[in-house]
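Undergrad:
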Amino acid sequence: MVKSPANHIERIAVEPGVKLAVEVPPPSNKPVMVLSNSIGATMSMWDDIVARLTERWRLVRYDTRGHGQSDVPAGPYTIDRLGLDAVAILDVLEIPRATFCGLSLGGLMGQWLGAIRGERLTGLVLANTAPNFPPPSLWLERAAAVRAHGMAPMIVPTLDRWLTRSFRELHPERTEQLGKMIAAISPEGYAACCEVLAVADLKPRLPDIGCPVLVICGANDPSTPPSRGEEIAAGVPGARMVTLDAAHISAIEASGAFAEELLQFAVRTVGPA
29 MVKSPANHIE
39 RIAVEPGVKL
49 AVEVPPPSNK
59 PVMVLSNSIG
69 ATMSMWDDIV
79 ARLTERWRLV
89 RYDTRGHGQS
99 DVPAGPYTID
109 RLGLDAVAIL
119 DVLEIPRATF
129 CGLSLGGLMG
139 QWLGAIRGER
149 LTGLVLANTA
159 PNFPPPSLWL
169 ERAAAVRAHG
179 MAPMIVPTLD
189 RWLTRSFREL
199 HPERTEQLGK
209 MIAAISPEGY
219 AACCEVLAVA
229 DLKPRLPDIG
239 CPVLVICGAN
249 DPSTPPSRGE
259 EIAAGVPGAR
269 MVTLDAAHIS
279 AIEASGAFAE
289 ELLQFAVRTV
299 GPA
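So the sequence shown is numbered by the numbering used here: it starts at 29 and just counts up by one.
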């Protein structure tokens with residue numbers, strides 16, 4: 029994991045009996061950005077951009093409940109609960125407001141935060157995501173499959189969606205790392221988050237998002253193509269959208285361009301460095 033030696037992992041209680049793994053940077057006067065992951069990923073999915081951003085942002089990243097080093101409480105999970113997890117992390121760290129950058133499932137959480145708890149946000153980056161993820165049957169079948177067979181059968185199809193073939197061929201070591209990350213995810217935690225994606229729909233709440241919003245899409249994203257990002261940009265007043273040369277996990281495949289967009293977003297939302 030790419031991080032400053034002063035960073036450390038804390039297990040933060042987000043509700044009684046449930047703790048999430050949070051990478052906490054040292055105190056500073058820099059604006060805070062929270063990084064929230066795709067389903068099937070841990071906070072290490074952000075490794076490719078962290079070093080590019082630490083001079084400008086105080087970065088907080090965490091493992092979604094059911095993933096990585098975080099607890100895997102019994103379900104059902106809901107988008108409300110996942111959003112409140114992020115609020116609880118801010119509360120414990122005594123961070124009154126932050127920019128929230130979420131990718132895929134993390135972007136769905138970001139939409140919830142923007143619409144429901146917008147007073148906690150200075151800005152919102154919604155990457156490779158959508159306001160809903162139909163059809164429900166896709167996610168319910170996937171949840172049943174991982175409960176029955178574990179995560180191993182998910183590795184190859186997930187990497188096919190996450191990264192273009194050319195990236196996988198050019199970066200076999202990073203691709204292998206991601207495969208191992210997927211394999212280590214709790215099947216029950218993954219399945220419970222699949223069930224969130226089956227039913228959550230933030231589209232009616234997009235007009236309620238009042239903070240500055242940047243929508244990031246991947247030109248080659250089969251899961252949330254640019255047309256899904258356009259739905260968000262059309263629904264959120266004043267939202268700006270950019271499309272990068274990447275598949276679903278643009279923070280990895282187009283890490284340099286992704287980081288540059290976040291640096292420019294800082295100028296718009298929290299002022300020059």
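Glycine included, every Cβ here is placed at the ideal spot set by N, Cα and C.
Give the single residue among 121, 117, 256 whose Cα lies nearest to the Cα of residue 54.
TA: Mapped onto the sequence shown, residue 54 falls at position 26. For residue 54, the nearest C-alpha among the options comes from 121.
Undergrad: So for residue 245, helix, strand or coil by DSSP?
TA: Residue 245 sits at position 217 when you count from the first residue of the sequence shown. Residue state, collapsed to three classes: strand.
Undergrad: Counting along the chain, where does the beta strand (DSSP E) carrying residue 61 start and finish?
TA: Locating residue 61 in the sequence shown gives position 33, where the first residue counts as 1. Its beta strand (DSSP E) spans residues 60-64.
Undergrad: With distances taken from CA atoms, which of 282, 91, 178 is nearest residue 100?
TA: Here residue 100 is taken as the residue at index 72 of the sequence shown, counted from 1. It is 91.
Undergrad: Note the first and the last residue of the continuous beta strand (DSSP E) segment covering residue 128.
TA: Counted from its first residue, the sequence shown places residue 128 at position 100. 126-131 is the span of the beta strand (DSSP E), which, as asked, contains residue 128.
Undergrad: Taking all protein chains shown into account, do 16 or more other C-beta atoms lie within 10 angstroms of the C-beta of residue 65, making it buried, or fewer, making it exposed?
TA: The sequence position of residue 65 within the sequence shown is 37, counting from 1. Buried, since its Cβ has 16 or more Cβ neighbours within 10 Å.
Undergrad: Residues in the same chain with beta-carbon distance under 6 Å from residue 62, minus the five sequence neighbours each way, listed in chain order, please.
TA: Your numbering for residue 62 matches position 34 in the sequence shown. Counting only Cβ-Cβ distances below 6 Å, and skipping sequence neighbours, we find 88, 126, 128.
Undergrad: Below 6 Å CB to CB, which residues in the same chain sit around residue 219 once its five sequence neighbours on both sides are set aside?
TA: Counting from 1 along the sequence shown, the entry for residue 219 is found at position 191. Contacts found: 171, 174, 175.
Undergrad: Across which residues does DSSP place residue 38 in a beta bridge pair?
TA: Residue 38 sits at position 10 when you count from the first residue of the sequence shown. Residue 38 pairs with 50.
Undergrad: Let me check understanding here. Comparing Cα to Cα, which of 292, 199, 94, 142 lies closest to residue 222?
TA: On the sequence shown, residue 222 is found 194 positions in, with the first residue counted as 1. Residue 94 is the option with its Cα nearest to residue 222.
Undergrad: Please say whether residue 47 and residue 86 have beta carbons closer to each other than 7 Å?
TA: As a position in the sequence shown, residue 86 is number 58, starting the count at 1. As a position in the sequence shown, residue 47 is number 19, starting the count at 1. The answer is no: Cβ separation not under 7 Å.
Undergrad: What's the call for residue 295, buried or exposed, on a 16-neighbour Cβ count within 10 Å?
TA: As a working note, residue 295 is residue 267 in the sequence shown. Flag for residue 295 reads exposed.
Undergrad: From residue 137 to residue 198, what distance separates their C-alpha atoms?
TA: On the sequence shown, residue 137 is found 109 positions in, with the first residue counted as 1. On the sequence shown, residue 198 is found 170 positions in, with the first residue counted as 1. If you take the alpha carbons of residue 137 and residue 198, they lie about 32 Å apart.
Undergrad: Who are the Cβ neighbours of residue 283 in its own chain at under 7 Å, not counting the five residues just before and after it?
TA: As a position in the sequence shown, residue 283 is number 255, starting the count at 1. Excluding residues within five positions, the ones whose Cβ falls inside 7 Å are 76, 77.
Undergrad: For chain D, check one thing: does any of its Cβ atoms lie closer than 7 Å to the Cβ of residue 181?
TA: Absent here is chain D; the protein component of the structure consists of one chain.
Undergrad: For a quick check, are the C-beta atoms of residue 238 and residue 146 less than 7 Å apart?
TA: For this step, residue 238 is matched to residue 210 along the sequence shown. For this step, residue 146 is matched to residue 118 along the sequence shown. Contact: yes.
Undergrad: In the structure shown, what three-state DSSP assignment does residue 179 receive?
TA: As a first step, residue 179 must be located in the sequence shown, where it is residue number 151. Note: residue 179 maps to coil in three-state DSSP.
Undergrad: With burial defined as no fewer than 16 other Cβ atoms inside 10 Å of the residue's Cβ, what is the status of residue 51: buried or exposed?
TA: The sequence position of residue 51 within the sequence shown is 23, counting from 1. Counting Cβ neighbours within 10 Å, residue 51 comes out buried, since at least 16 surround it.
Undergrad: Write down every uninterrupted run of the beta strand (DSSP E) in the region 165-246 whose length is 3 residues or greater and which is fully enclosed by it, in chain order.
TA: Entirely contained in the region 165-246, the beta strand (DSSP E) runs reaching 3 residues are, in chain order, 241-246.
Undergrad: Hey, how far is the Cα of residue 31 from the Cα of residue 123?
TA: By 1-based counting over the sequence shown, the position of residue 31 is 3. By 1-based counting over the sequence shown, the position of residue 123 is 95. Note that residue 31 has pLDDT 42, beneath the 50 cutoff, so the model's placement of it is unreliable and the number below is only indicative. Using only the alpha carbons, I get a separation of about 20 Å.
Undergrad: Could you tell me which of 119, 287, 150, 236 sits nearest to residue 41, measuring between CA atoms?
TA: Taking the first residue of the sequence shown as 1, we reach residue 41 at position 13. If we check each option's Cα against that of residue 41, 119 comes out closest.
Undergrad: Check whether the region 264-277 touches the region 230-250, taking contact to mean three or more Cβ pairs, one atom from each stretch, closer than 8 Å.
TA: A contact exists between the region 264-277 and the region 230-250.
Undergrad: Identify whether residue 78 lies in helix, strand or coil by the three-state DSSP scheme.
TA: Indexing the sequence shown from 1 puts residue 78 at position 50. Residue 78: helix per DSSP, three-state reduction.
Undergrad: Determine the closest residue to residue 266 out of 291, 73, 276, 236, with distance taken between C-alpha atoms.
TA: The sequence position of residue 266 within the sequence shown is 238, counting from 1. Measuring from the Cα of residue 266, the nearest candidate turns out to be 236.
Undergrad: Alpha carbon to alpha carbon, what distance is there between residue 300 and residue 206?
TA: In the sequence shown, residue 206 corresponds to position 178, counting from 1. In the sequence shown, residue 300 corresponds to position 272, counting from 1. Residue 206 and residue 300: Cα-Cα distance of roughly 34 Å.
Undergrad: Which word fits residue 29, buried or exposed, when buried means at least 16 other C-beta atoms lie within 10 angstroms of its C-beta?
TA: Locating residue 29 in the sequence shown gives position 1, where the first residue counts as 1. Any answer about residue 29 is weak, because its pLDDT of 40 lies below 50 and its placement is not dependable; what the coordinates show is given next. Classification of residue 29: exposed, given that the 10 Å Cβ count is below 16.
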